[in-house]
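Which chain is which? The protein sequence lines are A and B, in order.
Residue numbering for the first sequence follows the numbering used here, starting at 1 and increasing by one per position.
Residue numbering for the second sequence follows the numbering used here, starting at 1001 and increasing by one per position.
Protein chains: 2
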Amino acid sequence: MTQIQAARAGTVTQQMRSVAQTEGLDVGAVLGAVAAGVLVIPANPGHPGVTPTGIGAGCSVKVNANLGTSSVKPDIEAETRKLRAALRAGADTVMDLSTGDPESIRTVRGICLRERLPVGTVPIYEAAVRARLERGSVVGMTADDMFRVIEDQAREGVDFMTVHCGVTLATLDRMRREGREADVVSRGGAFTIAWMLHHDRDNPLFDQFDRLLEIARQHDVTLSLGDGFRPGCLADATDRAQVEELILLGELVDRARSAGVQVMVEGPGHVPLSQIEMNVTLQKRLCHGAPFYVLGPLVTDIAPGYDHIAGAIGGAVAAMAGADFLCYVTPAEHLGLPGEKDVYEGVIAARIAGHAAELARSARTCAGTFGELADKARARAWERDLAMARARKSLDWKRQFELAIDPEMAGRKRAEMNPSGVTECTMCGDYCAMKIVAEALGSDRAQKC
Amino acid sequence: MTQIQAARAGTVTQQMRSVAQTEGLDVGAVLGAVAAGVLVIPANPGHPGVTPTGIGAGCSVKVNANLGTSSVKPDIEAETRKLRAALRAGADTVMDLSTGDPESIRTVRGICLRERLPVGTVPIYEAAVRARLERGSVVGMTADDMFRVIEDQAREGVDFMTVHCGVTLATLDRMRREGREADVVSRGGAFTIAWMLHHDRDNPLFDQFDRLLEIARQHDVTLSLGDGFRPGCLADATDRAQVEELILLGELVDRARSAGVQVMVEGPGHVPLSQIEMNVTLQKRLCHGAPFYVLGPLVTDIAPGYDHIAGAIGGAVAAMAGADFLCYVTPAEHLGLPGEKDVYEGVIAARIAGHAAELARSARTCAGTFGELADKARARAWERDLAMARARKSLDWKRQFELAIDPEMAGRKRAEMNPSGVTECTMCGDYCAMKIVAEALGSDRAQKC
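So, in structure tokens, the structure goes:
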């Protein structure tokens, strides 16, 4: 039984219990949310020891790090180092997007699956690489080839898979009539379009969606419905191609849920700040509350080298509006395959965005440390910031480092910048506002400083 | 005559003409906005060659970089390097916040004033340092000491000054009754509170506000009304102390405008993402449209080492809501005095935030590259992103670097990550979506790839 099937049967699984514990939720609430399909737990029984990770209603915002070799650089060692960096930085999941040779793809996936984080893939990447090798070109693949890779990966234990089922001849027509600036920037979308036009046939992952559902149900693979028509620049955001695909993905959400398959939906991409909240609201409505997995979004096109910052801005606003799962963006985006440092910085930036959103999520009209107790994720987020405020007030540096999103970085940077033995920091030195006011107000805290 | 006096007299100054040119606005619009006090041009006639820089209605979002020695590190060489870094990174203004010895304070200020950017200061810092030296303690300063420093700095050519006129015995009472977590984190606010409590007298910069206005008018110094009660942690955001001070600052805006003095207002600080738009709307209303200069805002307390990212998230949302001027936050915030690299990264992050906001500002309901032509800042921001989208589509790397927020970084990173001669990037390599789709769609662009 998949998690959603179990939930509907009223069976509390070990995974639901674990998510309830981690998120500070009642088990009954988790069961209800999983049954309704507004919370997914990607945990393939074939992935031993995988940490049950809740994505969706009631859960903290999760962060994914993309890894994987490229055809130019099939360097397994480098990918292993990047995986370690993602783990150190606190990623909740990793996706292996390898497009090196088939051997290296399988090796990197195996390395990822030895970890306890949920592992995602985009199976059409491996299918494309194999087709190019075995049949001379990406478009040489058959529908059976696609499903064979999906089944193999499901059997190996992959927990969630991006499938571009919404890229169809019909949605492609919409895109052509729209007249886009950047057309298609999704690789899976691009493969699918090339395949459809070459064969003059519709996308097998759409045409034979039930076949896909059958595999996903058997292995409890969570489907992540990919957005092949996601905008590749701000000017293309929220256009008719993107929204048409989203409508179709919404229908596929219904079918997946009916078939007892866990499902989430992927979203943009490049989106002006003013359209992000609307995009999230639209997805939640059209996809009947399915968890939303956003790629960024990037709020400007002109920040290569700093796209983790552009993505953190967009991700924070998206998650505040209700997005559940942030795919990181690294400083290498639009320039090349990320290295270890890029991966680390990308994860941290996305985690800052997710945390900032959690603090704001249910406090939209009200404020402060009070609010509905039901919203446990927000309450926990606030606890941490409040503890940090108090540690700052009392100039307790050790506690500040413990509470920092990256304790190692905070500790190292302070050590570099401040002579040892100084209580204040070199920013204000003797003119520390905290100290001056505490003394002036004659509060108890003055003693401690 | 100050800019606002000239505008009211219907006189178009050289500065207004220059701002109109830079911002792509009609001179008449600039004149009207300056007369109304919704646009300031900090340009002290005593600062030769200063670039007229519009802050407020109709203008692009501006970015300030803070520099300055601290009592722990009065290193003039280091500050000079930081100034260069701020210039390279594209800061619009710099503030010299030196609190080293009086000699180094004066030297650093002189170095800043040799540049063409508008220069800001917080005069009470120098007054505090002098008082400690000459009178044994910060609180030893007299009201005349404060005004003497302000007048000296105005005469030297400082273009805008932060003055904490809203920190009064009455607003302090509000703060005490509120019960804050972090009390006061503004250094200027802290000095003022210590002074008021020591002398049992109200803040001279409030009590003798007309005297301050007289100096500002004489030298056309733009007053930046500081927020001494800005929240120092998320839990204190938008509390009664902060809002009470803002009301008072609004009244002082009226008085400054009446006296022919240019004035803007400073804002938080640490603010949950969900309260930022409200903070901007409230400031605009209470301060009758005065330009809003925000310090961040930081959307979480737990990101030391990465506060430039937390600040970019907050700054983008604030500027989208109407904030006009972003004070950068560096990765060193909450840890120590920033170094050269911190300054550079801080400016870039704030510029990304400002640009993302410009793209979104007037496109809140609508979208894309269309919109009111009147909003020139937005139109220009969109032009740049659109050009980047097209350069990406045609894999024109040279043009991508030109359009990047940091051309040097983008070029260097691509060179590092990609073997020379490769047209695509190492992220997708042979599986470049742009190339595949262009070929599949058989468009003209396929030829170019």
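For glycine and all other residues, C-beta sits at the position ideal for the given N, C-alpha and C.
As the structure is a computational prediction, the values presented were derived from the model and not from experiment.
Provide the residue span of the beta strand (DSSP E) that contains residue i, from first to last.
{"i": "L246/A", "result": "Element bounds for L246/A: not the beta strand (DSSP E) but the alpha helix (DSSP H), 240 to 258."}
{"i": "M1095/B", "result": "1093 to 1096"}
{"i": "L295/A", "result": "292 to 295"}
{"i": "C327/A", "result": "325 to 327"}
Nearest by alpha-carbon distance to residue i: which of the options is it?
{"i": "L295/A", "options": "E277/A, G179/A, R201/A, C327/A", "result": "C327/A"}
{"i": "N44/A", "options": "E251/A, R155/A, R8/A", "result": "R155/A"}
{"i": "T1002/B", "options": "R1257/B, L1286/B, R1378/B", "result": "R1257/B"}
{"i": "A7/A", "options": "G32/A, Q21/A, Q14/A, K393/A", "result": "G32/A"}
{"i": "E266/A", "options": "Q5/A, E23/A, N64/A", "result": "N64/A"}
{"i": "V1185/B", "options": "R1361/B, E1333/B, T1011/B", "result": "E1333/B"}
{"i": "R399/A", "options": "I1348/B, K1398/B, I1302/B", "result": "I1302/B"}
{"i": "Y306/A", "options": "G411/A, G336/A, R285/A, V19/A", "result": "G336/A"}
{"i": "N1418/B", "options": "G339/A, L223/A, R285/A", "result": "G339/A"}
{"i": "A1389/B", "options": "M1434/B, A1349/B, V1422/B", "result": "M1434/B"}
{"i": "G1046/B", "options": "A1127/B, F1160/B, G1028/B, T1093/B", "result": "F1160/B"}
{"i": "V263/A", "options": "T69/A, M95/A, Y293/A", "result": "Y293/A"}
{"i": "R187/A", "options": "R148/A, V129/A, R217/A", "result": "V129/A"}
{"i": "W1233/B", "options": "I1215/B, E1416/B, G1226/B, V1299/B", "result": "It is worth fixing the name first, because residue 1233/B is Cys in this sequence and not Trp. With distances taken between Cα atoms, C1233/B lies closest to V1299/B."}
{"i": "V61/A", "options": "G68/A, G322/A, T238/A", "result": "G322/A"}
{"i": "S1070/B", "options": "L441/A, M427/A, V437/A, L97/A", "result": "M427/A"}
{"i": "L1225/B", "options": "V1163/B, L1172/B, G1311/B", "result": "V1163/B"}
{"i": "E486/A", "options": "A91/A, L133/A, R81/A", "result": "Nothing can be reported for residue 486/A, as the shown portion of chain A is limited to 1 through 449."}
{"i": "R1180/B", "options": "A410/A, I309/A, K393/A", "result": "K393/A"}
{"i": "R1176/B", "options": "V1094/B, L1282/B, Q1242/B", "result": "Q1242/B"}
Which word fits residue i, buried or exposed, when buried means at least 16 other C-beta atoms lie within 10 angstroms of its C-beta?
{"i": "T1053/B", "result": "buried"}
{"i": "H355/A", "result": "buried"}
{"i": "M1198/B", "result": "The displayed chain sequence assigns His, not Met, to residue 1198/B. It counts as exposed."}
{"i": "A1170/B", "result": "exposed"}
{"i": "I247/A", "result": "exposed"}
{"i": "K1341/B", "result": "exposed"}
{"i": "A363/A", "result": "Any reading at A363/A is ruled out, since the residue's pLDDT is 43, under 50, leaving its predicted position unreliable."}
{"i": "P48/A", "result": "exposed"}
{"i": "Q15/A", "result": "buried"}
{"i": "G1058/B", "result": "buried"}
{"i": "T1011/B", "result": "exposed"}
{"i": "E1383/B", "result": "exposed"}
{"i": "L273/A", "result": "buried"}
{"i": "P1021/B", "result": "The sequence given here places Gln at residue 1021/B; Pro does not occur at that position. Burial call: exposed."}
{"i": "G429/A", "result": "buried"}
{"i": "T168/A", "result": "buried"}
{"i": "C1432/B", "result": "buried"}
{"i": "R1361/B", "result": "buried"}
Tell me where the alpha helix (DSSP H) around residue i begins and ends.
{"i": "G1269/B", "result": "Segment: none, G1269/B is in no alpha helix (DSSP H) and carries neither H nor E."}
{"i": "G346/A", "result": "340 to 361"}
{"i": "D1173/B", "result": "1169 to 1178"}
{"i": "H308/A", "result": "307 to 321"}
{"i": "T1281/B", "result": "1276 to 1286"}
{"i": "A456/A", "result": "The shown model of chain A, from 1 to 449, leaves out residue 456/A, and the question about it has no answer."}
{"i": "T1080/B", "result": "1076 to 1089"}
{"i": "Q1003/B", "result": "1003 to 1008"}
{"i": "L403/A", "result": "397 to 403"}
Cβ closer than 9 angstroms: which chain D residues qualify as neighbours of residue i?
{"i": "F191/A", "result": "Although the question refers to chain D, the structure presented lacks it and instead comprises the protein chains A and B."}
Using a Cβ-based criterion (distance less than 6 angstroms to any ligand heavy atom), does residue i qualify as near the ligand GDP?
{"i": "L1386/B", "result": "In the structure on display, the ligand GDP does not appear, and there are no ligands present to speak of."}
Tell me the start and end of each unbroken beta strand (DSSP E) in the segment 187 to 245 of chain A that is at least 3 residues and wholly inside, in chain order. 222 to 225
Report the residues of the segment 281 to 301 of chain A with a CB closer than 8 angstroms to any CB of chain B, ordered along the chain. V299, T300, D301
Going along the chain, which residues of the segment 239 to 266 of chain A sit with their C-beta nearer than 9 angstroms to a C-beta in chain B? D239
Which complete beta strand (DSSP E) runs does the segment 20 to 74 of chain A hold, if anything under 3 residues is left out? 62 to 67
Secondary structure, beta strand (DSSP E): runs of 3+ residues fully inside the segment 416 to 442 of chain A: none
Along the chain, which unbroken stretches of the alpha helix (DSSP H) at least 4 residues long are found entirely within the segment 1098 to 1162 of chain B? 1102 to 1113, 1123 to 1135, 1143 to 1156
Closer than 7 angstroms between beta carbons: that is the criterion. Which residues of the segment 1336 to 1352 of chain B meet it against chain A? G1336, L1337, I1348, A1349, I1352
Report the residues of the segment 1100 to 1114 of chain B with a CB closer than 7 angstroms to any CB of chain A, ordered along the chain. none
Which residues, taken in chain order from the segment 1033 to 1050 of chain B, show a beta carbon closer than 9 angstroms to some beta carbon of chain A? none
If the cut-off is 7 angstroms on Cβ atoms, which residues from the segment 49 to 71 of chain A count as contacting chain B, listed in chain order? S70, S71
Could you run through the segment 308 to 323 of chain A and flag, in chain order, every residue whose CB is less than 7 angstroms away from some CB of chain B? I309, A310, A312, I313, A316, V317, M320
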